[in-house]
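Asks:
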Amino acid sequence: MFKENRLVLFCLCFCHLVGVFGDTDTVKSVSVKEGDSVTLQINVTEIQTDDKIDWKFGTNKVLIVKIRAKTSKIFDGPDGRFRDRLKLENQTGSLIITDTRTTDSGLYEVKISSSRSEDTHRFSVTVNASPSTPQGSSSGPPNFLIVLISAAAAAAAGSLLVLVAVRIICICRKQRTSDQHVEAREEEITYADPTFHKRNAQKSSAKQEDDVVYAGVVHRC
């Protein structure tokens, strides 16, 4: 009976040690599409004042997040690849990677330790390239070619608008010149009419005077 009690006690102690100081070898696989955000969730309900949480990246285990007494510090990671893209859940300390890139793929490890327990979690993150930026594929035109085509189309449209504007200006100028010529002709005709009628009146009166003079010379026998 005594031996059985010792065996049960030993098993309980062993289980407790595994729970407190265990190092989880299980690696959780996470897949995400490039450009999306991903959250690496840890089993912490709420960060305590004595909790120490360290997030590391890659096989070299480069420190990217350090949490001490609810105060966190975020690093840019190797080559500054994580600059302004790492965030933390304030309550749990879970890691959030925003605007993911293919270079973010790799192993992430978090170590959570306190006076009560110590635990480690590992995540294997794979960032899949989006269809718009395929790797090693020529199924679609390169992005720079699309940009060039768009620029050429915009330039052609701009040139067409310029030509249309020039044509409209020329038509307006011709119309304005034509209107000015018409007005000038109307003014000339208006001033010439009175002079023309006056001369006709003088000639008519002269003819009438000549007729009167010749009529007075005639004598009857």
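Numbering-wise, the sequence shown is residues 798 to 1018 according to our numbering. Yeah, the Cβ is synthetic: ideal placement off N, Cα and C, and Gly gets one too. As the structure is a computational prediction, the values presented were derived from the model and not from experiment.
Does the distance from the C-beta atom of Val862 to that of Leu883 stay below 8 Å?
Replies: Sequence index remark: in the sequence shown, residue 862 carries index 65 (1-based). Sequence index remark: in the sequence shown, residue 883 carries index 86 (1-based). The answer is yes: Cβ separation under 8 Å.
Asks: Is the separation between the beta-carbon of Ile850 and that of Ile909 shorter than 8 Å?
Replies: As a working mapping, residue 850 is identified with position 53 in the sequence shown. As a working mapping, residue 909 is identified with position 112 in the sequence shown. For Ile850 and Ile909, yes; Cβs fall inside 8 Å.
Asks: For Thr923, count neighbouring Cβ atoms within 10 angstroms of its own Cβ and tell me buried if that reaches 16, exposed if not.
Replies: Residue mapping note: residue 923 aligns to position 126 of the sequence shown, counting from 1. Thr923 is exposed by the Cβ-count criterion.
Asks: Touch check for the stretch 869 to 883 and the stretch 953 to 971: three-plus C-beta pairs under 8 Å?
Replies: Flag = no, the stretch 869 to 883 and the stretch 953 to 971 do not touch.
Asks: Quick check on the burial criterion: 16 or more other C-beta atoms within 10 angstroms. Buried or exposed for Leu892?
Replies: Here residue 892 refers to the residue found at position 95 of the sequence shown. The residue is buried, with at least 16 neighbouring Cβ atoms inside 10 Å.
Asks: Please classify Leu960 as buried or exposed, where buried requires at least 16 neighbouring CB atoms within 10 angstroms.
Replies: Working through the sequence shown from its first residue, we reach residue 960 at position 163. The residue in question, Leu960, is exposed, as its Cβ has fewer than 16 Cβ neighbours within 10 Å.
Asks: Who are the near neighbours of Phe818 in its chain, counting only those whose CB is closer than 8 Å to its CB and skipping five residues on each side?
Replies: Position 21 of the sequence shown holds residue 818. Confidence in Phe818 is poor, its pLDDT being 41 and thus under 50, which makes the residue's placement unreliable; the coordinate value appears in the next sentence. Closer than 8 Å at Cβ, skipping near neighbours: Ser914 and Glu915.
Asks: Hey, could you find the ends of the beta strand (DSSP E) Ser910 is sitting in?
Replies: Indexing the sequence shown from 1 puts residue 910 at position 113. Here the beta strand (DSSP E) through Ser910 covers Gly903 to Ser910.
Asks: Indicate whether Ser921 and Val841 have their beta-carbon atoms separated by less than 8 Å.
Replies: What you label residue 921 is simply residue 124 of the sequence shown in a count that begins at 1. What you label residue 841 is simply residue 44 of the sequence shown in a count that begins at 1. Contact flag unset, no.
Asks: Since Arg919 is in the beta strand (DSSP E), which residue starts that stretch and which ends it?
Replies: Here residue 919 refers to the residue found at position 122 of the sequence shown. Segment Glu915 to Asn925, the beta strand (DSSP E) holding Arg919.
Asks: Can Thr846 and Lys867 be called in contact, C-beta distance under 8 Å?
Replies: Position 49 of the sequence shown, counted from the first residue, corresponds to residue 846. Position 70 of the sequence shown, counted from the first residue, corresponds to residue 867. Yes. Within cutoff.
Asks: Taking 7 Å as the limit between beta carbons, can you name the residues of its chain near Lys971, skipping five residues before and five after?
Replies: For this step, residue 971 is matched to residue 174 along the sequence shown. For Lys971, where only same-chain residues beyond five positions count, there are no Cβ hits under 7 Å.
Asks: What residue range is occupied by the uninterrupted beta strand (DSSP E) comprising Phe854?
Replies: Indexing the sequence shown from 1 puts residue 854 at position 57. From DSSP, the beta strand (DSSP E) with Phe854 extends over Lys849 to Phe854.
Asks: Sort Ala962, Leu904, Ser912 and Ser927 by Cα distance to Leu837 and report the nearest one.
Replies: Against the sequence shown, residue 837 aligns to sequence position 40. Comparing Cα-Cα distances from Leu837 to each of Ala962, Leu904, Ser912 and Ser927, the minimum goes to Leu904.
Asks: Please confirm whether any heavy atom of the ligand NAP lies closer than 7 Å to the CB of Arg878.
Replies: Summarising the ligand content, the structure contains no ligands, and the ligand NAP is consequently not present.
Asks: Ile894 bridges to which residues according to DSSP?
Replies: Within the sequence shown, numbered from 1, the residue matching residue 894 stands at position 97. In DSSP, Ile894 forms a bridge with Val835 and Leu883.
Asks: Where does the unbroken beta strand (DSSP E) through Lys858 begin, and where does it stop?
Replies: Here residue 858 corresponds to residue number 61 of the sequence shown, with the count starting at 1. Taken as a continuous stretch (DSSP letters only), Lys858 belongs to no beta strand (DSSP E), as it is neither H nor E.
Asks: Output the distance between the C-alpha atoms of Gly855 and Arg865, rounded to the nearest integer angstrom.
Replies: As a working note, residue 855 is residue 58 in the sequence shown. As a working note, residue 865 is residue 68 in the sequence shown. So the alpha carbons of these two residues sit roughly 22 Å apart.
Asks: What residue range does the beta strand (DSSP E) around Thr868 cover?
Replies: Here residue 868 is taken as the residue at index 71 of the sequence shown, counted from 1. Unbroken beta strand (DSSP E) run through Thr868: Thr868 to Ile871.
Asks: Is DSSP giving Val824 helix, strand or coil here?
Replies: Residue 824 sits at position 27 when you count from the first residue of the sequence shown. DSSP places Val824 in strand when its eight states are reduced to three.
Asks: State the CB to CB distance for the pair Ile844 and Thr889, rounded to an integer number of angstroms; the pair is presumed to be in contact (CB under 8 Å).
Replies: What you label residue 844 is simply residue 47 of the sequence shown in a count that begins at 1. What you label residue 889 is simply residue 92 of the sequence shown in a count that begins at 1. About 7 Å separates the two Cβ atoms, so the contact holds.
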